[in-house]
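Here's the structure, in structure tokens; my notes come after.
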Amino acid sequence: MRHRLILQRLWTFGESIISGLLLIVVVISVFYCKPILAETPLVNKLDVGILNFSPLFNVHSDRMPSGPMSDILFQTLQKTNLSYRYTVYPAKRLFNNLVSGNTDVSVGVIANHVYGRHVLYSEKPIGDIELRIFTIGAQPLPIELADILGKHVAVVRGYSYGGRKELLVQAANKRYIHQFNTVGDALDRLKNGRVTFMLGYKKQVGVIEKKSPTKLLRSAVIETLQIYFIVAKANPQAAQIMQLMEQNYWPK
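Residues 4 to 255 (this note's numbering) are what the sequence shown spells out, left to right.
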């Protein structure tokens, strides 16, 4: 009987020691273990997709792209120490690649109807761009996009304009929308009177106008759109990649 009592006490004492050791292990894990992000290396080279979108992205044949958005994107990626390669795509191809996961990282405006549920956006914007309606001469300028319904409008093929083009290409209005491969082509149609308005970005049109000004070109602001880092959700480490980019945002 006495031996049994001694064994019970030893067993209870042993349980107390084990519980104490487990508690110490938990405390050490909380305060001293590295974050999960650091323990899960990002081993695959990222595919970065950009547009030839001067002046935000100026594409060159002999060197890296330049321009304010290009600088932010690539300087940020360099600070993360992530391995990457970049490719210049037409707008529609880039959007499709972000949905499929063939492109991992890009920058752009929020366009939920196009690919929003397939990508992550950075918490804070990294820039902005002004969307405008352009016309020539005394034609009254619209106050909002709905004002140009039923009017002949030039747009760039593949651009969603942050989803704003959806209003214009509805079945009842689609015949009034003229799509062109470049901003220059769209502007040329506006100049020769083939269309009444052109939907475009102020900075992008400004690059063309600086080289060859259009007489009596006028415009009205439709909206200022915020630009964000974009990561494709199809990448299994999308959240980690976005976290690294936000933590290493350049020129922060």
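Every residue, glycine too, gets a C-beta built ideally from N, C-alpha and C.
Given the structure is predicted, the values throughout are model-derived calculations rather than measurements.
query                                                                                                          : result
Cβ pair LYS205, GLU147 closer than 7 Å                                                                         : no
Three-pair Cβ contact test at 8 Å for the segment 108–125 versus the segment 141–158                           : no
Cβ pair GLN207, ASP131 closer than 7 Å                                                                         : no
Classification of ASP65 by the beta-carbon crowding that lies within 10 angstroms, buried from 16 upward       : exposed
Other residues of its chain near LEU97: CB distance less than 6 Å, five sequence neighbours each side excluded : GLY52
For LEU76 and GLN250, the rounded distance between their alpha carbons                                         : 13 Å
Delimiting residues of the beta strand (DSSP E) encompassing GLU133                                            : 130–139
Beta-carbon gap between VAL91 and ASN55 smaller than 7 Å                                                       : yes
GLN78 to GLY203 span [Cα, whole Å]                                                                             : 28 Å
Simplified DSSP assignment, three categories, for LEU49                                                        : strand
Limits of the beta strand (DSSP E) - the one that GLU212 falls within                                          : Per DSSP, GLU212 belongs to no beta strand (DSSP E); it is in the alpha helix (DSSP H), 205–214.
Contact between the segment 234–252 and the segment 151–164 (3+ Cβ pairs under 8 Å)                            : no
Residue of ILE136, VAL102, PRO128 minimising C-alpha distance to ILE225                                        : ILE136
Status (buried if at least 16 other CB within 10 Å, exposed otherwise) for MET67                               : exposed
CA-to-CA distance, GLY70 to ARG167, given in whole angstroms                                                   : 25 Å
Proximity below 7 Å, CB of LEU49 to CB of VAL102                                                               : no
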